[in-house]
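Novice: If you read the sequence shown in our numbering, its first letter stands for residue -4, the second for the next number, and so on.
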Amino acid sequence: MSDETRPDVQAGATEPATPEQIEPLHVPMLRIIEVGLAVWLLALVVTLVVPALHQGDRDWWPWTCVAGLVLGGIGWAYVRRGRGNARDAA
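See the structure below:
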């Protein structure tokens, strides 16, 4: 059977990738958490500046942003200390 008729081999490739050859993708967790915190902070500022977003039935919206900031801060501290993604934490 030639390489052209084997479905697991791409045209031009010699052999399919094995699990030993595949490297894990580097994910900058601290940067992702910091961007999330910035978005929650921006949402909090917007909800406090625009009265229609924190009055009446929407009076809980600013507290949602505060909860996002608190939980994101806990996550940031956890990853920063090296627990969540210890190798890439700092």
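We put the beta carbon where it would ideally sit given N, CA and C, even for glycine.
Scan the region 50 to 77 and note each continuous alpha helix (DSSP H) run of 4 residues or more that stays entirely inside, going in chain order.
Specialist: Within the region 50 to 77, the complete alpha helix (DSSP H) runs of at least 4 residues are 56 to 75.
Novice: Quick one: what's got a C-beta closer than 8 Å to residue 28's C-beta in the same chain, skipping five residues either side?
Specialist: Along the sequence shown, read from residue 1 onward, the residue named residue 28 stands at position 33. Hits under 8 Å: 67, 70, 71, 74.
Novice: In this structure, does DSSP put residue 111 in helix, strand or coil?
Specialist: Because residue 111 is not part of the residues shown, which for the chain are -4 to 85, the question remains open.
Novice: Just curious, the alpha helix (DSSP H) that residue 10 is in, first and last residue?
Specialist: In the sequence shown, the residue the question calls residue 10 occupies position 15. Neither: residue 10 is in no alpha helix (DSSP H) and is coded neither H nor E.
Novice: Can you give me the Cβ contacts of residue 32 inside the same chain, cut-off strictly under 6 Å, excluding the 5 residues immediately before and after it?
Specialist: Working through the sequence shown from its first residue, we reach residue 32 at position 37. 67.
Novice: How should residue 35 be labelled, buried or exposed, when 16 other C-beta atoms within 10 angstroms of its C-beta is the threshold for buried?
Specialist: Here residue 35 corresponds to residue number 40 of the sequence shown, with the count starting at 1. Buried: at least 16 other Cβ atoms inside 10 Å.
Novice: Under DSSP, the alpha helix (DSSP H) around residue 41 begins and ends at which residues?
Specialist: In the sequence shown, the residue the question calls residue 41 occupies position 46. Counting along the chain, the alpha helix (DSSP H) containing residue 41 begins and ends at 24 to 44.
Novice: Relative to the alpha-carbon of residue 54, which residue among 64, 42, 65, 62 has its alpha-carbon at the smallest distance?
Specialist: Position 59 of the sequence shown, counted from the start, is the residue given in the question as residue 54. Considering only alpha carbons, the answer is 42.
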